[in-house]
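Quick notes on the structure that follows.
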Amino acid sequence: MKVIVLGSSGSVGAPDNPASGYLILPDRGTGVLMDIGPGVLAQLQRFHGPNEAHVVFSHLHADHCLDFPSLMVWRRYHPESPASGRNLCFGPAATFEHLGRLSSDVAGEVDDMSDTFAFSPWQAHREEIVGSLNITPFPVIHPVETYALRVQDPRSGKVIAYSGDSSFTSELVACARDADLFLCEATWGVSSEGKAPNMHLSGAEAGRIAQEAGAKRLLLVHIPPWGDPQGALEAARAEFDGPVEVSAAGMEIHV
Ligand SMILES: [Zn+2]
Ligand SMILES: [Zn+2]
175 MKVIVLGSSG
185 SVGAPDNPAS
195 GYLILPDRGT
205 GVLMDIGPGV
215 LAQLQRFHGP
225 NEAHVVFSHL
235 HADHCLDFPS
245 LMVWRRYHPE
255 SPASGRNLCF
265 GPAATFEHLG
275 RLSSDVAGEV
285 DDMSDTFAFS
295 PWQAHREEIV
305 GSLNITPFPV
315 IHPVETYALR
325 VQDPRSGKVI
335 AYSGDSSFTS
345 ELVACARDAD
355 LFLCEATWGV
365 SSEGKAPNMH
375 LSGAEAGRIA
385 QEAGAKRLLL
395 VHIPPWGDPQ
405 GALEAARAEF
415 DGPVEVSAAG
425 MEIHV
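Our numbering applies: residue 175 is where the sequence shown begins, and numbers increase by one.
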């Protein structure tokens, strides 16, 4: 299994890094796109047929979902290869309505996208089969319904965990338990001290969670253009014994 970082800039896109989007490619079978923030669909075209990927959401903040209506245009109206069937889409309970409003031509109405996606809401801790991958959502702390996602390739047993957006919670430790790779947000840089509560993590907290979880490798994500990647990296390294890197668009990691 491998993950390709399509975009990992926090809160908004950066000049060289779109907002959140991670393509997981199993050893065999269909890819799964985790989040599709602004700019992600353009990057997806480099690596994978946009119509082929299943889509899963950590949450529905704009920086994690705003390219979904453009994906609808691709799936329905591509002149040579529109989507021929329905793909899977998992997310918070409001996913169908929230994204349907974004995709509607008429203010206040909901575009019924069930012609091209089968929508299902996450249930906390209930594992779902998404193509050839198994994905378990862990409820985390953020101002809207949000899940950290634990992705397992049942053939190899390998695990990629993704924090979504969250402040510190033991759910993140459970999600990343013994993961081969942990994508963890580090929005706040060195420390969360003095920052808005119940929103995000620092590099130090990302490192602490990875250490407690026994994760094998840590990739810091969701650092905003105004953030402190070097500070987050050093703070994470002070807490975590394993390898740590700051993510960048186009990065491919095999597990
Ligand atoms: Zn975000
Ligand atoms: Zn968010």
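Yeah, the Cβ is synthetic: ideal placement off N, Cα and C, and Gly gets one too.
Given the structure is predicted, the values throughout are model-derived calculations rather than measurements.
7 angstroms CB neighbourhood of residue i in its chain, flanking five on each side removed
i      : result
Val186 : Ala193, Asp237, Pro398, Pro399
Arg119 : Residue 119 cannot be examined here, being either before or after the span of the chain that is shown, 175 to 429.
Asn152 : There is simply no residue 152 to check, as the chain begins at 175 and stops at 429 in what is shown.
Best match in the options for proximity to residue i [C-alpha to C-alpha]
i      : options                        : result
Val247 : His396, Thr290, Ala267, Ala384 : Thr290
Asp241 : His272, Asp402, Ala267, Glu408 : His272
Glu413 : Gly401, Leu393, Glu386         : Glu386
Val214 : Val333, Leu197, Asp201, Leu407 : Leu197
Asp201 : Val177, Pro224, Tyr336, Leu218 : Val177
His396 : His235, Phe221, Glu226         : His235
Glu408 : Gly424, Ala380, Cys349         : Ala380
Arg411 : Asn225, Gly377, Ala423         : Gly377
Leu203 : Glu301, Gly405, Pro328         : With the sequence shown as reference, residue 203 is identified as Gly, and Leu is not the correct amino acid for it. It is Pro328 whose Cα lies nearest to the Cα of Gly203.
Ala267 : Val347, Arg249, Val318         : Val318
Ser337 : Leu375, Glu367, Val284, Gln326 : Leu375
Asn372 : Val314, Ile303, Val420         : Val314
Ser366 : Val280, Ala348, Glu345, Ala406 : Ala406
Phe270 : Val280, Val284, His252         : Val284
Glu301 : Asp286, Ser288, Leu323, Ala281 : Leu323
Ser288 : Ala281, Gly274, Asp279, Cys239 : Gly274
Arg382 : Ala370, Val347, Gln404, Gly401 : Val347
Arg250 : Asp286, Pro403, Arg220, Leu207 : Asp286
Val230 : Pro212, His252, Val206         : Val206
Pro189 : Lys369, Ala384, Pro212         : Pro212
Ile427 : Leu394, Gln404, Gly401         : Leu394
Arg220 : Met208, Val179, Cys239         : Val179
His316 : Val420, Ala370, Met175         : Ala370
Pro403 : Thr361, Pro253, Gly282         : Thr361
Leu199 : Ala216, Met208, Met175         : Met175
Whole-Å CB distance - residue i paired with residue j, under 8 angstroms assumed
i      : j      : result
Ser340 : Glu359 : 7 angstroms
Leu355 : Val429 : 5 angstroms
Gly195 : Ile210 : 5 angstroms
His233 : Thr320 : 4 angstroms
Leu392 : Gly363 : Contact doesn't hold; Cβ gap of about 15 angstroms is too wide.
His228 : Val325 : With a Cβ gap of about 11 angstroms, His228 and Val325 do not count as contacting.
Leu145 : Pro243 : Outside the displayed range of the chain (175 to 429) lies residue 145, so it cannot be described from this structure.
Proximity test, Cβ basis, 9 angstroms: residue i and chain B
i      : result
Leu394 : Here there is only one protein chain, and chain B is not present.
Residue i Cβ short of 8 angstroms to ligand 3 heavy atom set
i      : result
Ala380 : Of the ligands one can find in the structure shown, namely ligand 1 and ligand 2, none is ligand 3.
Own chain partners of residue i with C-beta closer than 6 angstroms, once the 5 adjacent residues on each side are dropped
i      : result
Ala353 : Val333, Ala335, Ala389
Asn225 : Arg249, Ala257
Ile384 : Just to set this straight, residue 384 is Ala in the shown sequence, not Ile. Closer than 6 angstroms at the Cβ level, and outside the excluded window around Ala384, lie Phe356, Leu392, Phe414.
Contacting residues, own chain, Cβ-Cβ under 8 angstroms from residue i (five flanking each side not counted)
i      : result
Phe312 : Ala298, His299, Tyr321, Ala322, Leu323, Arg324, Glu345, Leu346, Ala348, Cys349
How would the residue list near ligand 2 read, in chain order, if you kept each one whose beta-carbon is closer than 5 angstroms to any heavy atom?
Per the CB criterion, closer than 5 angstroms to any heavy atom of ligand 2, the qualifying residues run in chain order as His235, Asp339.
Quick one: any contact between the segment 252-266 and the segment 280-299, if contact means 3 or more CB pairs under 8 angstroms?
The count of Cβ pairs closer than 8 angstroms, one atom from the segment 252-266 and one from the segment 280-299, reaches three, so the stretches are in contact.
Given 8 angstroms, three or more beta-carbon pairs between the segment 249-258 and the segment 299-317
no
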